[in-house]
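Numbering (this note's numbering), first residue to last: 6 to 286. Don't be surprised by glycine CBs; every beta carbon is placed ideally from N, CA and C. This report concerns only the one structure given below.
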């Protein structure tokens with residue numbers, strides 16, 4: 006009785022070049038025809054999720070910015086938003102600057118965005134991919150911040166995450182989604198909590214949800230769904246947290262699992278699913 010597929014985009018459903026295979030696209034269409042909903046659950050902001058969802062043929066509600074936004078893909082507007090307050094966001098900027106000299110910031114502000122010049126120097130594509138505001142982070146944080154993004158020229162994301170966790174504590178939620186920076190949201194904001202709230206709204210119990218992911222920001226979602234599936238290319242922590250490891254994102258891992266569910270090669274109740282090391286073709 007699987008009713009909902011919750012899937013991350015980058016590194017999970019999408020291949021490394023940002024595209025999706027015909028096989029996985031067909032699997033998603035078959036699931037939709039079988040009455041199974043697909044919900045995109047991603048760190049991406051709405052402005053980039055819209056285009057991907059259109060290509061995938063997915064509508065309805067999407068969870069964006071690691072759970073800070075629930076976005077209506079059909080009506081093209083935000084239906085729920087849980088941002089950091091300006092006071093807290095500015096405090097986090099000052100604390101991180103003090104602890105990590107050279108750190109630089111970008112922000113998501115609902116459907117808008119902004120970044121510091123130093124962030125654009127490290128991530129030059131940001132200027133090409135979005136029409137944002139360039140300014141000091143303390144200026145950018147003068148309004149509620151959907152997501153605060155911290156980047157450093159020398160520190161890898163895992164180390165930056167460790168330091169940020171120590172500084173932030175319980176005042177906010179810190180994670181990373183595979184890119185070379187960390188992402189900070191309001192306390193309690195996670196993919197898992199947003200998905201749980203959406204499932205309650207849709208009257209879909211956790212026992213009827215299969216979740217797919219690849220990075221630390223996906224782990225709570227993989228754990229709380231009835232069946233959590235990590236792609237083979239996932240972060241080691243996500244691999245350990247998942248109930249099953251499927252093929253990589255380059256090898257249609259998500260599509261393989263959906264095909265097997267629809268073809269009856271495994272029970273439709275997650276309690277009876279047998280996790281292979283690699284799902285067969």
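Item	Value
Alpha helix (DSSP H) runs contained entirely in the stretch 24-74, provided each spans 4 or more residues	27-38, 51-61
For residue 123, the three-state DSSP class (helix, strand or coil)	helix
Distance CB(residue 14)-CB(residue 57) smaller than 8 Å	yes
Alpha helix (DSSP H) runs contained entirely in the stretch 71-109, provided each spans 4 or more residues	91-104
Close-in-space but distant-in-sequence residues of the same chain around residue 48 (CB under 7 Å, 5 per side omitted)	70, 71, 182, 188, 222
Stretch-stretch touch, CB-based, cutoff 8 Å, three pairs: the stretch 18-29 with the stretch 191-200	no
Residue from 228, 89, 51, 144 with nearest C-alpha to residue 120	144
Exposure of residue 170, with buried meaning 16 or more beta-carbon neighbours within 10 Å	exposed
Cutoff 7 Å; reference residue 17; Cβ partners in own chain excluding five residues on either side	217, 218, 219, 236, 254, 259
Residue 101 beta carbon less than 8 Å from that of residue 148	no
Between the CA atoms of residue 87 and residue 146 - distance to the nearest angstrom	15 Å
Per-residue DSSP class, three states only, for residue 158	coil
Option nearest residue 9 by Cα separation, candidates 27, 256, 39	39
Contact check, residue 204 vs residue 156, beta carbons under 8 Å	no
Where residue 286 falls: helix, strand or coil (DSSP)	Note that residue 286 scores 26 on pLDDT, short of 50, meaning its location in the model is unreliable; the coordinates nonetheless yield the value given after this. Of the three classes helix, strand and coil, the one that applies to residue 286 here is coil, per DSSP.
Assumed close pair residue 153, residue 112 - CB separation to whole angstroms, cut-off 8 Å	6 Å
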